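Undergrad:
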Amino acid sequence: MQIFGVDIGGSGIKGAPVDLDRGDLADERYKVLTPHPATPEGVADGVKQVVDHFGWTGPVGLTFPGVVTGGATIRTAANVDKSWIDKDAGALFSGRLGGLPVTVVNDADAAGVAEMNFGAGQGRKGTVVLLTFGTGIGSALFVDGVLVPNTELGHLELHGHDAEKRASSKAKEDEELTWEHWAHRVQRYLAHVEMLFSPELFIIGGGVSRKSQKFLHHIEDIKAEIVPAQLLNNAGIVGAAMHAVKGS
858 MQIFGVDIGG
868 SGIKGAPVDL
878 DRGDLADERY
888 KVLTPHPATP
898 EGVADGVKQV
908 VDHFGWTGPV
918 GLTFPGVVTG
928 GATIRTAANV
938 DKSWIDKDAG
948 ALFSGRLGGL
958 PVTVVNDADA
968 AGVAEMNFGA
978 GQGRKGTVVL
988 LTFGTGIGSA
998 LFVDGVLVPN
1008 TELGHLELHG
1018 HDAEKRASSK
1028 AKEDEELTWE
1038 HWAHRVQRYL
1048 AHVEMLFSPE
1058 LFIIGGGVSR
1068 KSQKFLHHIE
1078 DIKAEIVPAQ
1088 LLNNAGIVGA
1098 AMHAVKGS
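Residue numbering for the sequence shown follows this note's numbering, beginning at 858 and increasing consecutively.
#1: Using the three-state DSSP reduction, which class does His1075 fall into: helix, strand or coil?
#2: How would you label Pro894, buried or exposed, when you count the other beta carbons within 10 angstroms and need 16 or more for buried?
#3: Could you name each continuous beta strand (DSSP E) segment of 3 residues or more that falls completely within the region 1000 to 1036, going from the start of the chain to the end?
#4: In this structure, does DSSP put Glu972 in helix, strand or coil?
#5: First and last residue of the alpha helix (DSSP H) that includes Lys888?
#6: Taking DSSP's pairing of strands, which residues face Ile1061 in a bridge?
#7: Please report the distance separating the alpha-carbon of Phe975 from that of Gln859.
#8: Which whole-angstrom value is the C-beta distance of Val962 and Ala1097, which I expect to be below 8 Å?
#9: Smallest Cα separation from Leu1004: which of Ala934, Gln1087, Asp964, Phe1072?
#10: For Thr901, which three-state DSSP category applies?
#11: Here's the rule I'm using: 16 or more other beta-carbon atoms within 10 Å means buried, otherwise exposed. How should Glu1009 be labelled?
#12: What separation, rounded to the nearest whole angstrom, lies between the Cα atoms of Asp943 and Ile931?
#13: With a CB to CB cut of under 6 Å and the five nearest residues on each side skipped, what residues in its chain are close to Lys888?
#14: Nearest to Thr914 by alpha carbon, out of His1049, Lys905, Ala934, Ala946?
#15: Could you tell me if His1016 is buried or exposed, where buried requires 16 or more neighbouring beta carbons within 10 angstroms of its beta carbon?
#16: Excluding the 5 residues preceding and the 5 following Asn1007 in the sequence, name in chain order all residues of the same chain whose CB lies nearer than 6 Å to its CB.
#17: Taking the continuous beta strand (DSSP E) assigned at Gly983, which residues delimit it?
#18: Spatial neighbours of Asn1090 within its chain, please: CB distance less than 6 Å, with the 5 preceding and 5 following residues excluded, ordered by chain position.
#19: Once DSSP output is grouped into helix, strand and coil, what is the label at Asn963?
#20: For Arg1067, is the classification buried or exposed, using 16 other Cβ atoms within 10 angstroms of its Cβ as the cut-off for buried?
#21: For Ser868, name the three-state secondary structure that DSSP assigns.
Structure representation (structure tokens):
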């Protein structure tokens, strides 16, 4: 069974048909840049470009980098335009896609669900935390495989700042940090999350997951197991498609 998934991020909008039997992309993903400012209208145009690239005419699952309640309503917009707040994203995207049925879910929650079903969290019980490091830091919290939605742990305070302002991959790029220096910031952040939730497993997702060999060995003194996401940066697309089936 194939469903289309779209992952909306602070820097890019990427999507592809997903083979839900395998938990993997059924075709090479297509990506466009996220417009700046990332207004609802501009992002919806980007989503339409991605979907139209494949000539897709069925259900579409979309992720959003913020809190999503009621299956469609946006409550936070840390890394996109503030005009998203209280927007009915489901109606917006469906309208822009010519009435196609759509579902909308928090981006890290989608990535987490994909990893728990097809990736690094498969079969894991207890408390598992997936963290996506990109423009910000997204989080997905699972207890015995059940998602606790919209946790937004990237906004925990770390040394007087939102953690994502210090430890996201964007912070690494903006401040031109070495992998080792950045890993030490990530370590301090993980220690804070571990103090609050005592997880058995941290899954590190986002674009940096494919470069885990550059930084994971620099992270020390964390009791939980730390592993890279197995679906790498495609987890959000897969999770979006899974959510579309659940919501249909």
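Each residue gets a CB set at the ideal place from its N, CA and C atoms; glycine is no exception.
Computed from a predicted structure; not experimentally measured.
TA: Put simply:
#1: helix
#2: exposed
#3: Scanning the region 1000 to 1036 from its first residue to its last, the whole beta strand (DSSP E) runs of 3-plus residues come out as 1003 to 1005.
#4: helix
#5: That residue, Lys888, is in no alpha helix (DSSP H); its beta strand (DSSP E) goes 887 to 890.
#6: According to DSSP, Ile1061 bridges with Leu988, Pro1085.
#7: 15 Å
#8: 6 Å
#9: Considering only alpha carbons, the answer is Asp964.
#10: With the sequence shown as reference, residue 901 is identified as Ala, and Thr is not the correct amino acid for it. The answer is helix: DSSP assigns Ala901 an H, G or I state.
#11: buried
#12: 5 Å
#13: Gly869, Lys871
#14: Lys905
#15: exposed
#16: Once the five neighbours on either side are set aside, the close Cβ partners of Asn1007 are Val924, Asn963.
#17: No beta strand (DSSP E) contains Gly983, which DSSP labels as neither H nor E.
#18: Gly1064
#19: Reduced to three states, the DSSP call for Asn963 is strand.
#20: exposed
#21: Assignment of Ser868 by DSSP, reduced to helix, strand and coil, places it in the coil class.
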